[in-house]
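S.K.:
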Amino acid sequence: MSAADRHPPEYVLAELAEGVLEDGTSTVSEHVRGCPSCQSVLDQLTEVTRLLRTTPDRVPMPAHVTARIAAALNEEAIVATAARERAEQEARAADAGASGASGAAGPVGWFRRRLPIAVAAAAATAFIGFFGYTLINDDSPPEMATSSGAADREFDTDDRGADTDDEAGGEDTENEENAPGDGPGVAEPGPLGENLLERTILDVWNSREQVQPGCGQGLADAQGSDLVGSTEFDGDVLVVLESDQLTGWVVGDCESSVGGETPDVAVPLPQE
Numbered sequence: 000m001s002a003a004d005r006h007p008p009e010y011v012l013a014e015l016a017e018g019v020l021e022d023g024t025s026t027v028s029e030h031v032r033g034c035p036s037c038q039s040v041l042d043q044l045t046e047v048t049r050l051l052r053t054t055p056d057r058v059p060m061p062a063h064v065t066a067r068i069a070a071a072l073n074e075e076a077i078v079a080t081a082a083r084e085r086a087e088q089e090a091r092a093a094d095a096g097a098s099g100a101s102g103a104a105g106p107v108g109w110f111r112r113r114l115p116i117a118v119a120a121a122a123a124t125a126f127i128g129f130f131g132y133t134l135i136n137d138d139s140p141p142e143m144a145t146s147s148g149a150a151d152r153e154f155d156t157d158d159r160g161a162d163t164d165d166e167a168g169g170e171d172t173e174n175e176e177n178a179p180g181d182g183p184g185v186a187e188p189g190p191l192g193e194n195l196l197e198r199t200i201l202d203v204w205n206s207r208e209q210v211q212p213g214c215g216q217g218l219a220d221a222q223g224s225d226l227v228g229s230t231e232f233d234g235d236v237l238v239v240l241e242s243d244q245l246t247g248w249v250v251g252d253c254e255s256s257v258g259g260e261t262p263d264v265a266v267p268l269p270q271e
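Here's what the structure looks like:
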């Protein structure tokens with residue numbers, strides 16, 4: 000079969016019917032004129048092209064299709080509305096339950112709200128005051144009080160013996176110990192025991208601590224001084240008296256009214 004006897008493809012005939020065939024137009028046209036079958040296909044394609052060109056751009060939607068779409072949209076809207084209303088009801092119920100629980104608990108009292116703040120402020124004030132006092136008056140760590148109790152007593156005894164010897168030694172030694180501005184018995188920086196007694200006396204003067212009410216009053220009356228307070232010290236009682244200076248007297252108990260001829264230790268009155 001020659002090339003002229005072969006039927007052209009349908010898409011070539013369609014291009015010929017639409018007038019867009021460029022290559023081989025004469026050959027295809029010559030074949031179609033001599034081939035009834037291709038001529039029939041070309042006529043059908045030409046008719047389809049004509050009908051398509053006369054068809055309007057927009058075809059109205061059939062009424063039954065429009066009705067089905069509208070029904071589906073309405074049903075979807077009803078379902079969405081019901082779901083939204085149910086969610087709103089559940090939210091209102093949850094809010095009502097939370098409000099009821101809060102109402103049952105009741106408001107918190109002002110003292111309960113402010114108590115933690117007041118406690119924190121008091122603790123901070125106490126810490127700052129204690130820390131500042133320790134920096135000013137503390138010469139050695141407080142922990143040494145317990146471990147050096149016996150040593151303190153020995154130092155105190157030795158100091159009192161040394162004072163007695165100095166008094167027996169003559170007027171010059173006494174004048175040297177009692178320099179201007181220092182009263183008799185005023186503690187000089189020295190042994191660890193005196194430093195501990197000084198700090199304890201100052202603590203009692205600041206806190207007005209008492210072992211029991213009236214502890215040391217008999218000693219105060221015997222010395223003609225004012226009673227400041229008392230505290231336990233190394234198994235004995237330290238009584239603090241006030242005159243022109245603070246004096247500390249270590250006695251056996253609160254009822255003792257006779258101490259040594261001189262106080263165990265004395266310190267100048269703190270500046271208030």
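Here the sequence shown is numbered in numbering that gives the first Met the number 0, starting from 0 and rising by one per residue.
Think of the CB as a built atom: it goes at the ideal place given N, C-alpha and C, for glycine as much as any other residue.
A quick note: this is a predicted structure, and the numbers were derived from the prediction, not measured.
#1: Can you tell me which of the three DSSP states glutamate 142 falls into?
#2: Cutting at 6 Å between CB atoms, please list the residues of its own chain near alanine 219, excluding the five before and the five after it.
#3: Check for me: the alpha helix (DSSP H) holding serine 273 runs from which residue to which?
#4: Going by other Cβ atoms of all chains shown within 10 Å of its Cβ, with 16 needed for buried, is aspartate 243 buried or exposed?
#5: Do glutamate 254 and glycine 228 count as a contact pair if the criterion is CB distance below 8 Å?
#6: Applying the criterion that 16 or more other CB atoms from any shown protein chain within 10 Å of the CB defines a buried residue, is valine 203 buried or exposed?
#7: When you compare only the Cα positions, how much space is there between alanine 92 and alanine 123?
#8: Could you tell me the alpha carbon to alpha carbon distance between isoleucine 127 and arginine 198, rounded to whole angstroms?
#9: Give me the Cα-Cα distance between glutamine 222 and leucine 237, rounded to the nearest whole angstrom.
#10: Using DSSP bridges, identify the partner residues of phenylalanine 232.
#11: Here's a check: name, in chain order, each residue in its chain whose Cβ is nearer than 6 Å to the Cβ of serine 146, leaving out the five neighbours to either side.
#12: Quick one: Cα of leucine 72 to Cα of glycine 33, how far?
#13: Going by DSSP in three states, threonine 26 sits in which element: helix, strand or coil?
#14: Given this structure, state the Cα-to-Cα distance separating leucine 201 from glutamate 231, to the nearest angstrom.
#15: At the level of alpha carbons, what is the spacing between threonine 80 and proline 55?
#16: Can you give the Cα-Cα distance for glutamate 17 and methionine 60, rounded to whole angstroms?
#17: Are glutamate 208 and valine 264 close, meaning C-beta to C-beta below 8 Å?
#18: With distance defined between alpha-carbon atoms, name the residue in Val78, Glu21, Leu15 nearest to valine 47.
#19: Can the beta-carbon of leucine 12 be found less than 8 Å from the beta-carbon of leucine 41?
#20: Rank Asp233, Gly213, Leu51 by C-alpha distance to the C-alpha of leucine 195 and give the top, closest one.
#21: With distances taken from CA atoms, which of Phe129, Gly251, Glu89, Gly215 is nearest serine 206?
M.R.: According to the structure data:
#1: The predicted model places glutamate 142 with a pLDDT of 49, which falls under 50 and marks its position as unreliable; any figure quoted below should be read in that light. The three-state reading of DSSP puts glutamate 142 in coil, since its state is none of H, G, I, E or B.
#2: Leu226, Leu240
#3: For residue 273 there is no data in the structure shown, the boundaries of the chain being 0 and 271.
#4: exposed
#5: no
#6: Valine 203 comes out buried.
#7: Between alanine 92 and alanine 123, the C-alpha separation is close to 47 Å.
#8: Isoleucine 127 and arginine 198: Cα-Cα distance of roughly 18 Å.
#9: 15 Å
#10: Asp235
#11: Legend: pLDDT at serine 146 = 45, less than 50; position of this residue unreliable, value from coordinates given subsequently. Hits under 6 Å: none found.
#12: Answer to the nearest angstrom: the Cα atoms are 59 Å apart.
#13: Helix, per DSSP.
#14: 14 Å
#15: 40 Å
#16: 29 Å
#17: no
#18: Leu15
#19: yes
#20: Asp233
#21: Checking every option, the nearest Cα to that of serine 206 belongs to Phe129.
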